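Residues in the sequence shown are numbered from 13 upward in steps of one, following this note's numbering.
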Amino acid sequence: MITKNIYQFLVAGLLVCGMAACQGDWDDPMNVPYGNNSITDENIITIAQLKADYPNVFASTDQNAKIERDIKIKGRVTGNDIGSNIYKQFMLQDETGAIIVAVNMSGMHGFLAEGQEIVIDLKDLYIGGYRKQPEIGQPYNGTSIGRMNKELFQKHFKYVGSPDASKIAPIDFDPNMDMEANCGKLVTLKDVSFVPTGGTGTFAPDTTVDKTVSIVGGCVNRALNEYSESKVVIRTSTYAKFAAKKLPYDEVNKRALKCNITGIATRYNNTWQIQIRKESDIEVISN
Numbered sequence: 013m014i015t016k017n018i019y020q021f022l023v024a025g026l027l028v029c030g031m032a033a034c035q036g037d038w039d040d041p042m043n044v045p046y047g048n049n050s051i052t053d054e055n056i057i058t059i060a061q062l063k064a065d066y067p068n069v070f071a072s073t074d075q076n077a078k079i080e081r082d083i084k085i086k087g088r089v090t091g092n093d094i095g096s097n098i099y100k101q102f103m104l105q106d107e108t109g110a111i112i113v114a115v116n117m118s119g120m121h122g123f124l125a126e127g128q129e130i131v132i133d134l135k136d137l138y139i140g141g142y143r144k145q146p147e148i149g150q151p152y153n154g155t156s157i158g159r160m161n162k163e164l165f166q167k168h169f170k171y172v173g174s175p176d177a178s179k180i181a182p183i184d185f186d187p188n189m190d191m192e193a194n195c196g197k198l199v200t201l202k203d204v205s206f207v208p209t210g211g212t213g214t215f216a217p218d219t220t221v222d223k224t225v226s227i228v229g230g231c232v233n234r235a236l237n238e239y240s241e242s243k244v245v246i247r248t249s250t251y252a253k254f255a256a257k258k259l260p261y262d263e264v265n266k267r268a269l270k271c272n273i274t275g276i277a278t279r280y281n282n283t284w285q286i287q288i289r290k291e292s293d294i295e296v297i298s299n
């Protein structure tokens with residue numbers, strides 16, 4: 013028979029052990045129960061080479077191809093769902109290019125932090141172009157590309173070391189840079205401002221209140237004063253943690269404030285759609 017004092021002692025011990033185990037697991041990604049450590053570092057190719065090997069899937073809208081070769085890619089996570097603006101996918105980048113990895117799973121930032129390097133075993137996965145944006149995933153609606161299930165993904169990736177966000181510095185955005193080579197990369201748009209909304213506009217508003225924008229696919233496209241809207245937009249999900257944040261605006265002088273905006277430069281056919289990862293990606297540089 014367990015006395016009250018012994019029971020309390022056992023419960024306290026279990027709580028301490030549980031807390032220590034959780035801390036240890038997350039301090040070292042190799043101890044987290046994710047990924048497949050049996051994946052080797054053999055047959056690794058660059059992301060640029062991967063895209064060059066499957067040019068037909070990006071030449072037209074919504075195509076896919078099965079990767080039947082024993083090849084792998086290695087890169088660092090540059091974007092995830094930490095700000096709820098990137099949904100069920102993350103961005104992987106190496107020194108040659110970037111690609112989206114689509115997984116039917118939420119909360120991936122918990123085990124794929126920005127700067128985490130991983131290897132992905134590509135054999136039997138699919139590569140495709142959603143509106144010409146390269147993605148790794150599984151077939152969707154016939155020839156299109158969509159998300160792979162989370163169990164499949166767990167078998168196809170391996171951690172390399174610990175997260176190091178200093179390894180993923182963004183490049184300066186240029187609207188005229190080559191789309192095929194640069195789509196999916198982490199970029200910074202410098203000295204830009206949002207098209208005025210009278211100081212009331214937010215990143216992804218309730219359109220019953222804000223009539224200046226439309227919600228398409230659960231997202232809002234905001235134009236910038238410096239670029240044509242047909243060329244560049246800032247795309248924000250209505251579920252983003254900063255969706256209700258007001259666009260940078262000077263209430264006194266009635267003008268849009270200049271900003272540096274960091275995000276993932278995805279493409280939708282021939283338009284750059286910049287996806288901000290989290291609120292701290294927005295740096296106001298004028299007041």
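Beta carbons: idealized from backbone N, C-alpha and C, even for Gly.
These numbers come from a predicted model, not from an experiment.
Here DSSP, grouped into helix, strand and coil, assigns M189 to coil. Contact between N97 and T274 is ruled out by a C-beta separation of about 12 Å, above the 8 Å threshold. Excluding the 5 residues flanking it on each side, K270 has same chain C-beta neighbours closer than 6 Å at D203, S205, I297 and S298, in chain order.
Per DSSP, the beta-bridge partners of E129 are R88 and V172. For K253, the number of other beta carbons within 10 angstroms of its own is below 16, and it is reported as exposed. In this structure the stretch 139-151 lies against the stretch 110-130, because at least three pairs of beta carbons, one per stretch, are closer than 8 Å. Contact annotation: Y138 and A77 have beta-carbon atoms nearer than 8 Å. Contact annotation: the stretch 46-60 touches the stretch 160-174, with at least three C-beta pairs closer than 8 Å.
For P182, the CB contacts under 6 Å within the same chain, skipping 5 residues up- and downstream, are L198, V199, T200 and T274 in chain order. The bridge partners DSSP lists for N68 come to none. With contact defined as three or more Cβ pairs closer than 8 Å, the stretch 150-169 and the stretch 221-235 are not in contact. Taking 8 Å as the cut-off, the Cβ atoms of G119 and D93 count as close. DSSP places N282 in the coil class of the three-state scheme, outside both helix and strand. Inclusion of T90 and I157 in the CB contact set at 8 Å is not warranted, their separation being larger than that value. A216 sits in coil when the DSSP states are folded into three classes, being neither helix nor strand. A60 has no beta-bridge partner at all, per DSSP.
Positions of the beta strand (DSSP E) runs, each at least 3 residues long and wholly inside the stretch 221-286, are given as 231-234, 244-249 and 271-280 in order along the chain. Scanning its chain for C-beta atoms nearer than 8 Å, with the 5 sequence neighbours on each side dropped, one finds around R289 the residues G91, N92, I94, G95, N97, I98, E126, T274, G275 and I276, in chain order. Rounded to the nearest whole angstrom, the C-alpha separation of V207 and T250 is 19 Å. The three-state reading of DSSP puts D53 in coil, since its state is none of H, G, I, E or B. Setting aside the 5 residues that flank it on each side, D82 is surrounded in the same chain by N55 and K135, each with a C-beta closer than 7 Å to its C-beta; the list follows chain order.
Residue environment for T278: buried (at least 16 other C-beta atoms within 10 angstroms of its C-beta).
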